[in-house]
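As you go down the protein sequences, you meet chains A and B in turn.
Everything in the first sequence is counted per the numbering used here, starting at 3 for the first residue and increasing by one.
Everything in the second sequence is counted per the numbering used here, starting at 50 for the first residue and increasing by one.
We put the beta carbon where it would ideally sit given N, CA and C, even for glycine.
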Amino acid sequence: MLKKVLLYAAVALPVAFSAFAAKADRLDEIKARGTLICGTLGTSEPFSFQDRDSRQLVGYDVDICKIVADSIGVEVEYKLLAVAARIPELDSGRVDVVAANLGWTPERAGQIDFSHRYYVTPQKLLVLANSDFENAEDLAQSRIGATKGSSSEALLKERFPEARVIGYADSPATFLSLQQRKVDAQFASELVLVRLMNQSPEGSPTRIIEESLFDEPWGLGVRKGETALLEAANAALDETETSGEAQQLFDKWFGADTPYDLTRSFTIGPIEGASN
Amino acid sequence: MDLLTADQFQQLLWGMRTTIILFAVSWVMAFALALVLVVVRATEYRLCRWFVDGFVAYHRNVPLLVQVMFWYFGMPELLPENVRFWLYDHNAEFSFAAIALALGSSAYVAEDIRSGLRAIPNTQFEAASSLGCSYLQSMRYIVVPQALRISLPPLVSRALLLFKNTSIAMAIGVAELTYRTREIENMTFKTFTVFGIATVLYLIGTFTLMAFGSWLENRTRLDRKAAAK
Chain A
3 MLKKVLLYAA VALPVAFSAF AAKADRLDEI KARGTLICGT LGTSEPFSFQ DRDSRQLVGY
63 DVDICKIVAD SIGVEVEYKL LAVAARIPEL DSGRVDVVAA NLGWTPERAG QIDFSHRYYV
123 TPQKLLVLAN SDFENAEDLA QSRIGATKGS SSEALLKERF PEARVIGYAD SPATFLSLQQ
183 RKVDAQFASE LVLVRLMNQS PEGSPTRIIE ESLFDEPWGL GVRKGETALL EAANAALDET
243 ETSGEAQQLF DKWFGADTPY DLTRSFTIGP IEGASN
Chain B
50 MDLLTADQFQ QLLWGMRTTI ILFAVSWVMA FALALVLVVV RATEYRLCRW FVDGFVAYHR
110 NVPLLVQVMF WYFGMPELLP ENVRFWLYDH NAEFSFAAIA LALGSSAYVA EDIRSGLRAI
170 PNTQFEAASS LGCSYLQSMR YIVVPQALRI SLPPLVSRAL LLFKNTSIAM AIGVAELTYR
230 TREIENMTFK TFTVFGIATV LYLIGTFTLM AFGSWLENRT RLDRKAAAK
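Here it is, written out as structure tokens:
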């Protein structure tokens, strides 16, 4: 009995892995279908989240998808994805592009193709306001909390090999650990940290260490080898930069009228180090 | 199918090591505590029974994740500050995860042993006392060994559950197998490969436990010699 089960498993696993062999040109398929299926997270304000009043999916990522679909000349259809499901959904072809906090790294670029960067997030450290930490280097040997699933976690370990990096389930849990001084600093994207800093309890305010440890470029994810689709996406993104729409879009979601009050420190364009 | 680098594979093995240690530590604690619970529960004193019933009810009805969160985020706040910071410097994540997992499992283990205990006829107890055994002696030498034998199959499945439940420790940053898996998946996007390998590692662990359980069952079977003939 056991032997049989093992045998089936041994046969079934590789078959399952190879099931998503590449299909011919995705862009043609999208045009024929008339819709671009775009995977986003749906839980990541202000990139992709449900608007409180209209109950519609809105956000920066959502708008970017719409722009790409408009440029191809098709409707856009959104599909909500969990973080861990992003790549399998893309590989299996259930979504055409993924706009879901995809930070570019050379290693990840070996699995999927990245479009031009459409967002760049500085990764910073949040500390308690009354702590002695001034510069990022002061934390080189500290305990640093990060959210499991943030792509720069590995880079943080490389930069501070003597630090102890602890990955928590989500940013509120990491923040609680910071408040309870289980960790000396919280490592996350500036955006997350600004929000947490603003929400800090009055009795224990926090501050962000100015120096950015890394700038993480985000791109749209496209299945490997779909060159035509990738080029169409890049063309659409580049067009928003030249038309000024990119700046408007940034200000709409991150600018002075938002709780984040950020200024744009990047332009849409090819990711440095990437081949596209 | 893309393979992992040797370094990444080694990280998975480190995760497996943490998983095994976490399982072993929590299982030993859970089992010891469960035995105490069972003996206390079996006494005549109503207060003791209420206490154990309450303990079991809490740990069976509150989600394990919440228990882990409570031990990590809630409990330390009750400790004096210097003790707390000493703990944070000494892998508090692992210790609190082990405590929470052990307490959570002990309630189930205690119930499994207790059902074994109830299968032992009361006459065994009476026989033991007539031979001059005290309550603890008759428990220790007569009743509990028999009850454990009966409880062995459910205990094995409890151990399997605990082995897999160690992944909950990931929520508070214990770098066990699932933690490492997610970390490497997130770094490389080789989702299928890394989860596939992790599945195989978990299966190796659980199959080993199952094999050990069967061996133990065979070894402790009373009619072993009779069956051999």
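Check, Outcome
"Name, please, each residue of chain B whose Cβ falls closer than 7 Å to the Cβ of residue 163/A.", "Going along chain B, no residue has its Cβ under 7 Å from residue 163/A, so there is no contact; the nearest lies around 14 Å."
"Counting along the chain, where does the alpha helix (DSSP H) carrying residue 60/B start and finish?", "55–90"
"Alpha carbon to alpha carbon, how far is residue 105/B from residue 62/B? Give it in angstroms, no decimals.", "34 Å"
"Would you call the stretch 231–241 of chain B and the stretch 154–168 of chain B touching, i.e. three or more CB-CB distances under 8 Å?", "no"
"Classify residue 76/A as helix, strand or coil using the three-state DSSP reduction.", "coil"
"Look up residue 220/A in the DSSP assignment and say whether it is helix, strand or coil.", "strand"
"Which first and last residues belong to the alpha helix (DSSP H) in which residue 121/B is found?", "Where residue 121/B is concerned, there is no enclosing alpha helix (DSSP H), given that its DSSP letter is neither H nor E."
"Under a Cβ-count criterion, where at least 16 other Cβ atoms within 10 Å of its own Cβ denotes burial, should residue 267/B be classed as buried or exposed?", "exposed"
"Could you pull the start and end residues of the alpha helix (DSSP H) that residue 191/A belongs to?", "That residue, residue 191/A, is in no alpha helix (DSSP H); its beta strand (DSSP E) goes 187–191."
"Contact check, residue 71/B vs residue 215/B under 8 Å by CB: the rounded distance?", "5 Å"
"Could you tell me whether the Cβ atoms of residue 28/A and residue 98/A are closer together than 8 Å?", "yes"
"Using a Cβ cut-off of 9 Å, pull out every chain A residue sitting near residue 232/B, in sequence order please.", "150, 151, 155, 156 and 169"
"From residue 205/B to residue 172/B, what does the alpha carbon distance come to, in whole angstroms?", "28 Å"
"Classify residue 54/A as buried or exposed, calling it buried when 16 or more other Cβ atoms lie within 10 Å of its own Cβ.", "exposed"
"Quick check on the burial criterion: 16 or more other C-beta atoms within 10 angstroms. Buried or exposed for residue 88/A?", "buried"
"Out of curiosity, what's the CA-to-CA distance linking residue 49/A and residue 256/A?", "10 Å"
"Is there contact between the stretch 75–84 of chain B and the stretch 143–163 of chain B, where contact requires at least three CB pairs shorter than 8 Å?", "yes"
"For residue 121/A, which residues from the same chain have a beta carbon less than 6 Å from its beta carbon, with the 5 sequence-adjacent residues on both sides left out?", "220"
"Out of 108/A, 39/A and 76/A, which has the shortest C-alpha to C-alpha gap to residue 276/A?", "108/A"
"Pull up the CB-CB distance for residue 37/A and residue 79/A, whole angstroms please, since I reckon it's below 8 Å.", "5 Å"
"According to DSSP, which residues form a beta bridge with residue 148/A?", "169/A and 189/A"
"List, from N- to C-terminal side, the alpha helix (DSSP H) runs of 4 residues or more that fit wholly inside the stretch 144–188 of chain B.", "171–179"
"Between which two residues does the beta strand (DSSP E) harbouring residue 115/A extend?", "114–130"
"In three-state terms, what does DSSP make of residue 100/A?", "strand"
"Rounded to the nearest angstrom, what separates residue 130/A and residue 235/A at their Cα positions?", "42 Å"
"Beta-carbon within less than 6 Å of residue 227/B's beta-carbon, same chain only, minus the 5 sequence neighbours each way: which residues are those?", "216 and 219"
"For residue 24/A, name the three-state secondary structure that DSSP assigns.", "Note that residue 24/A has pLDDT 47, beneath the 50 cutoff, so the model's placement of it is unreliable and the number below is only indicative. Reduced to three states, the DSSP call for residue 24/A is coil."
"I'd like to know if residue 67/B contacts chain A, where contact means its C-beta is closer than 8 Å to some C-beta of that chain.", "no"
"Mapping the DSSP letters down to three states, classify residue 216/B as helix, strand or coil.", "helix"
"Name, in chain order, the residues that DSSP records as bridge partners for residue 60/A.", "51/A"
"According to DSSP, simplified to helix, strand and coil, what is residue 200/B?", "helix"
"Are there three or more Cβ pairs, one per stretch, closer than 8 Å when the stretch 125–140 of chain B is compared with the stretch 96–112 of chain B?", "no"
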